[in-house]
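Numbering (my numbering), first residue to last: 28 to 308.
Cβ coordinates follow ideal geometry from the N, Cα and C atoms, glycine included.
Written out below as structure tokens is the structure these notes cover.
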């Protein structure tokens with residue numbers, strides 16, 4: 028079985044290099060940006076295709092690794108070709124395999140395959156893919172075959188229901204993207220206190236790094252510290268008074284979630300007054 032890629036961006040490069048490093052046979056890349064296709068092919072020791080139809084013809088498994096808003100257009104082109112027996116995949120976290128409308132009628136098999144990790148670099152992210160969970164959704168007929176492809180590389184896999192795909196993706200955004208917003212918010216407030224930007228970022232990263240370590244070692248509830256966990260109403264009230272309206276709204280929203288976790292850690296504590304302060308009651 029050989030694999031071809033339509034789209035030579037970060038995801039296409041990352042997945043292609045990952046396959047190449049694990050001796051999965053690649054056909055190569057097609058992209059409307061020929062320079063990008065050349066770079067990806069060079070990086071993965073594969074071939075550049077100047078024709079979409081030729082790449083499809085030569086590939087058993089086709090990964091559409093374009094932006095989400097382009098996947099439908101690519102499928103509209105592919106479905107006009109001879110694709111019987113081929114596996115067609117996209118790597119969108121938000122879209123399901125139903126974007127491949129009519130795939131079964133063409134004798135092909137459609138899947139959404141999403142590595143649950145942050146792909147930030149064309150040339151180095153593949154190194155982190157070994158530890159990533161791969162979520163898969165799509166046609167039942169060859170689902171096990173697709174799953175076994177990634178299991179053979181050492182990845183954990185999870186079959187996900189199409190009705191849960193968008194909520195799953197929202198969870199990934201909470202875990203991967205929103206912490207960057209929190210880091211930015213924390214750094215902004217430290218700058219208001221006289222820190223340089225460099226000092227602020229360094230301090231925030233130190234705190235966040237230890238928080239992640241503690242979650243890994245102790246679990247969510249036991250890792251929780253701070254005024255909400257202590258039920259320190261006076262300190263929380265002072266925080267709210269010191270923050271801008273936007274900062275306060277973020278603080279309140281996240282603190283409400285912290286209260287729920289704090290109750291698990293400290294079932295004997297009464298958080299009602301704190302919940303009132305945060306507008307939970």
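Go through its chain and collect everything with a Cβ distance to residue 270's Cβ below 7 Å, but skip five positions before and after it. Within the same chain, residue 270 has close Cβ partners 278.
How is residue 46 classed by DSSP in three states: helix, strand or coil? DSSP places residue 46 in helix when its eight states are reduced to three.
What do you get for residue 92, buried or exposed, if any count of 16 or more other CB atoms within 10 angstroms of its CB means buried? Buried, because 16 or more other Cβ atoms sit within 10 Å of the Cβ of residue 92.
Considering only the alpha carbon of each residue, which of 282, 30, 295 and 166 lies closest to residue 304? It is 282.
What residue does the beta strand (DSSP E) around residue 130 start on, and which one ends it? Per DSSP, residue 130 lies in no beta strand (DSSP E) and is assigned neither H nor E.
Specify the secondary structure class of residue 206 as computed by DSSP and reduced to three states. Helix, per DSSP.
Among the residues of its own chain, which have a CB less than 6 Å from the CB of residue 63, if the five just before and after it don't count? Same-chain partners within the cutoff: 35.
According to DSSP, which residues form a beta bridge with residue 116? Answer by DSSP bridge pairing, in chain order: 90 and 138.
Please classify residue 52: does DSSP put it in a helix, a strand, or coil? Note: residue 52 maps to coil in three-state DSSP.
CA nearest to the CA of residue 132, picked from 100, 158, 178 and 109: Comparing Cα-Cα distances from residue 132 to each of 100, 158, 178 and 109, the minimum goes to 109.
Pairwise C-alpha distance: residue 73 and residue 130: The straight-line gap from Cα to Cα measures roughly 27 Å.
Does the distance from the CB of residue 29 to the CB of residue 87 come in under 7 Å? Yes; because the gap between Cβ atoms is below 7 Å, this pair is in contact.
May I have the straight-line CA-CA distance separating residue 105 from residue 117, to the nearest angstrom? Whole-angstrom Cα-Cα distance: 13 Å.
Hey, which unbroken runs of the beta strand (DSSP E) at 3 residues or more fall wholly within the stretch 156-187? Here the runs fully enclosed are 160-165 and 184-186.
Check whether the Cβ atoms of residue 138 and residue 124 sit closer than 7 Å, and answer yes or no. Taking a C-beta distance under 7 Å as the contact criterion, residue 138 and residue 124 qualify as a contact pair.
In the DSSP assignment, what are the bridge partners of residue 101? Answer is none; residue 101 lacks a bridge partner.
Write down the C-beta distance between residue 292 and residue 251 rounded to the nearest angstrom, noting that I regard them as a contact closer than 8 Å. Yes, they are in contact, since the Cβ atoms of residue 292 and residue 251 sit about 6 Å apart, within 8 Å.
Where residue 33 falls: helix, strand or coil (DSSP): Correct three-state label for residue 33: strand.
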